[in-house]
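Inspection log for the structure reproduced underneath, given as structure tokens.
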Amino acid sequence: MRTVKYTKTTSWKQASAALAKDPKALAIAGGSDLLGMIKEGLEGKGLPRYENLIDIRTIAGSDAITFKASDGLTIGALATLSSLENSDDVKKNYPALARAAGAAASPNIRNSGTLGGNINQRPRCWYYRNTEFDCYKKGGEFCFAVTGSNAYHAILNGELCYIVHPSDTAPALIALGASAVISMADGGEKTVPFDSYFTGPRVDVLRENILKQGDLLKEVRIPAPKAGTGMSFLKAQRRGETYDFALANIATVIVKKDGKVDDSRIVLSGVAPTPYRATVAEEAIKGQAITAQVAQAAADKALLQARPMTDNAYKVGLAKSLIVRSILEAWA
Ligand SMILES: Cc1cc2nc3c(=O)[nH]c(=O)nc-3n(C[C@H](O)[C@H](O)[C@H](O)COP(=O)(O)OP(=O)(O)OC[C@H]3O[C@@H](n4cnc5c(N)ncnc54)[C@H](O)[C@@H]3O)c2cc1C
Ligand code: SF4
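According to my numbering, the sequence shown is numbered sequentially starting from 28.
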């Protein structure tokens, strides 16, 4: 039986300091992702065998959700996915986020899984999650998905590693213009837009975001929606009748002015190693009154850069169809 040290913390400073001084320490929130990885014994040259769990659920107030019409929404990183899905403030002002939180995993997992854990969960690539495969992401020297089974892998921006980002809430946060408040190892804090929070394999194949040892996601802040804002969240999954990770999902936010698109953010997950902002589609609809033809032309342009692998070409058509439906839904 494997044993790990467990430390309860009562402040972000204490938690960041405890993590910073021990390279084998890792933050635990709801544990729904992390405990599975520990039980499976996943480790490698670039993936430490974690021996010290720093509990951040014990930090008072870290699960609060507060909304002010003037400032927007602040969500403590320890807020559960269920509390987001059921919050009246979130449902009324940020329905795309409420839907994204409610689309993740099963009710049981959403009751314990936190927003911070959902954003920072590790990839689901089946080679990565299998102790037999020492791939690049574990510090090995090969990507098994390239010549192996890659039906659920990236069609955009893959390089070295072809994971897709697994979080349903991440694209909604980027589409809503959210920022991350990060508690840092030196006791300070910084605020970073989610646009630059997630990092791909080119930056560092061992990580998926900018957090360094000792950094923790403390809060998520989302500005109040502008007048004329419409939004949508859609998720395509293989097992539609039960819970499943996304084959692809999309969050779209459109700001309408004088009957035309004044501004938009269109963000997909399940297609690239990080949540993928379809800026080409955003540019294509700017200044337009949305019709099915305008949405289709934007979707076609957005997927021109796609480079599918042997088993995942279906994702190109899927992503296009999600872009069209989501633009039309946000516009309506
Ligand atoms: C069967 C199953 C199905 C799932 N389906 C989906 C799905 O369809 N869509 C989806 O989006 N997700 C899905 N998930 C993932 C699930 O949403 C996450 O497991 C959950 O949100 C993680 O939250 P947690 O609080 O349990 O995190 P933990 O398991 O405690 O932590 C996960 C990781 O995040 C890190 N972490 C946690 N909080 C912070 C923080 N505040 N700052 C920095 N790092 C932090 C931990 O160190 C760890 O590495 C599924 C999970 C399972 C087990
Ligand atoms: S896609 Fe990434 S995680 Fe999966 S086998 Fe390749 S290197 Fe490993």
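Beta carbons are placed, not taken as given, at the ideal position from N, Cα and C, and that holds for glycine.
field: Contact set for residue 94: own chain, Cβ-Cβ below 7 Å, skip 5 residues either direction
entry: On the sequence shown, residue 94 is found 67 positions in, with the first residue counted as 1. Around residue 94: 100, 116, 120.
- prompt: Could you give the C-beta distance for residue 192 and residue 335, rounded to a whole number, given that I count them as a contact under 8 Å?
  reply: Along the sequence shown, one-based indexing puts residue 192 at 165. Along the sequence shown, one-based indexing puts residue 335 at 308. Actually they are not in contact, since the Cβ atoms of residue 192 and residue 335 sit about 17 Å apart, beyond 8 Å.
field: Of the listed residues 331, 218, 199, 214, nearest to residue 131 (C-alpha basis)
entry: Position 104 of the sequence shown, counted from the first residue, corresponds to residue 131. Nearest option by C-alpha distance: 199.
message: Shorter than 8 Å, the distance from the beta carbon of residue 180 to the closest heavy atom of ligand 2, or not?
response: For the purposes of this step, residue 180 is identified with residue 153 of the sequence shown, where counting begins at 1. Correct: residue 180 has its Cβ closer than 8 Å to ligand 2.
- request: Measure the C-alpha to C-alpha separation of residue 92 and residue 196 and round it to an integer number of angstroms.
  value: As a position in the sequence shown, residue 92 is number 65, starting the count at 1. As a position in the sequence shown, residue 196 is number 169, starting the count at 1. Computed Cα separation, rounded: 15 Å.
message: Suppose the cutoff is 6 Å on Cβ atoms and the five residues either side in sequence are ignored; what does the same chain contact list for residue 80 look like?
response: In the sequence shown, counting from the first residue as 1, residue 80 sits at position 53. Within the same chain, residue 80 has close Cβ partners 31, 33, 55.
message: My assumption, with CB atoms under 8 Å, is that residue 246 sits in contact with residue 104. Please give the rounded CB distance.
response: Here residue 246 is taken as the residue at index 219 of the sequence shown, counted from 1. Here residue 104 is taken as the residue at index 77 of the sequence shown, counted from 1. That belief holds up - the Cβ atoms of residue 246 and residue 104 are roughly 6 Å apart, short of 8 Å.
message: Strictly closer than 5 Å from CB to any heavy atom of ligand 2: give me those residues in the order they appear in the chain.
response: 152, 154, 155, 162, 163, 164, 170, 171, 172, 188, 189, 190
- request: Over the uninterrupted beta strand (DSSP E) stretch that includes residue 137, give me the two end residues.
  value: By 1-based counting over the sequence shown, the position of residue 137 is 110. Premise fails: residue 137 lies in the alpha helix (DSSP H), 134-139, not in any beta strand (DSSP E).
- prompt: Tell me the DSSP bridge mates of residue 77?
  reply: Taking the first residue of the sequence shown as position 1, residue 77 is located at position 50. Residue 77 is not bridged to any residue.
query: Can the beta-carbon of residue 113 be found less than 9 Å from the beta-carbon of residue 236?
result: One-based indexing of the sequence shown puts residue 113 at position 86. One-based indexing of the sequence shown puts residue 236 at position 209. Cβ atoms of residue 113 and residue 236: not closer than 9 Å.
Separation of residue 68 from residue 74, as counted between CA atoms: Within the sequence shown, numbered from 1, the residue matching residue 74 stands at position 47. Within the sequence shown, numbered from 1, the residue matching residue 68 stands at position 41. Their Cα atoms are separated by approximately 11 Å.
At least 3 beta-carbon pairs within less than 8 Å: the segment 172-190 vs the segment 336-347: yes
- prompt: Can you give the Cα-Cα distance for residue 328 and residue 307, rounded to whole angstroms?
  reply: One-based indexing of the sequence shown puts residue 328 at position 301. One-based indexing of the sequence shown puts residue 307 at position 280. Rounded to the nearest angstrom, the two C-alpha atoms are 7 Å apart.
task: Check whether the Cβ atoms of residue 123 and residue 258 sit closer than 9 Å, and answer yes or no.
output: By one-based count along the sequence shown, residue 123 stands at place 96. By one-based count along the sequence shown, residue 258 stands at place 231. For residue 123 and residue 258, yes; Cβs fall inside 9 Å.
Expected contact under 8 Å - CB spacing of residue 277 and residue 350 to nearest Å: Looking up residue 277 in the sequence shown gives position 250. Looking up residue 350 in the sequence shown gives position 323. So it is a contact: roughly 6 Å between Cβ atoms.
Complete runs of the beta strand (DSSP E) confined to the segment 77-160 [at least 3 residues]: 79-82, 92-95, 99-103
message: Considering just the uninterrupted stretch of the alpha helix (DSSP H) at residue 327, what are its terminal residues?
response: If you number the sequence shown from 1, residue 327 lands on position 300. 319-329 is the extent of the alpha helix (DSSP H) around residue 327.
query: Between residue 126 and the rest of its own chain, which residues show a CB-CB distance below 7 Å, the 5 nearest in sequence each way excluded?
result: Within the sequence shown, numbered from 1, the residue matching residue 126 stands at position 99. Excluding residues within five positions, the ones whose Cβ falls inside 7 Å are 260.
- prompt: Which first and last residues belong to the beta strand (DSSP E) in which residue 412 is found?
  reply: Lying outside 28 to 359, the shown extent of the chain, residue 412 is not represented and no answer is given.
- prompt: Where does residue 246 sit, in a helix, a strand or coil, going by DSSP?
  reply: Position 219 of the sequence shown, counted from the start, is the residue given in the question as residue 246. Residue 246 falls in the strand class under three-state DSSP.
message: Bridge partners for residue 236 per DSSP, in chain order?
response: Position 209 of the sequence shown, counted from the start, is the residue given in the question as residue 236. Answer is 225.
task: Work out the CA separation of residue 233 and residue 209 for me, nearest whole Å.
output: On the sequence shown, residue 209 is found 182 positions in, with the first residue counted as 1. On the sequence shown, residue 233 is found 206 positions in, with the first residue counted as 1. Near 20 Å, if we compare the C-alpha coordinates of residue 233 and residue 209.
- request: Return the residue from the list 305, 352, 291, 294 that minimises the CA-CA distance to residue 319.
  value: For the purposes of this step, residue 319 is identified with residue 292 of the sequence shown, where counting begins at 1. For residue 319, the nearest C-alpha among the options comes from 352.
query: So, helix, strand or coil for residue 63, using DSSP?
result: As a first step, residue 63 is located in the sequence shown; it is residue number 36 there, counting from the start. Of the three classes helix, strand and coil, the one that applies to residue 63 here is helix, per DSSP.
field: Exposure label - residue 63; buried when at least 16 CB within 10 Å
entry: Indexing the sequence shown from 1 puts residue 63 at position 36. Under this definition residue 63 is an exposed residue.
message: Helix, strand or coil, according to DSSP, for residue 279 in the structure here?
response: Position 252 of the sequence shown, counting from 1, holds the residue named residue 279. Looking at residue 279 - three-state DSSP - the assignment turns out to be strand.
message: Under DSSP, the alpha helix (DSSP H) around residue 171 begins and ends at which residues?
response: Your numbering for residue 171 matches position 144 in the sequence shown. Looking at the DSSP string, the run of the alpha helix (DSSP H) that includes residue 171 is 171-174.
field: Of the residues 273, 71, 155, the one placed nearest residue 166, counting alpha carbons only
entry: What you label residue 166 is simply residue 139 of the sequence shown in a count that begins at 1. Measuring from the Cα of residue 166, the nearest candidate turns out to be 71.
Within the segment 187-227, ranges of the beta strand (DSSP E) (whole runs, at least 3 residues): 206-210, 216-220
- prompt: Under the rule that 16 or more other beta-carbon atoms within 10 Å means buried, what is residue 279, buried or exposed?
  reply: For this step, residue 279 is matched to residue 252 along the sequence shown. That one is buried.
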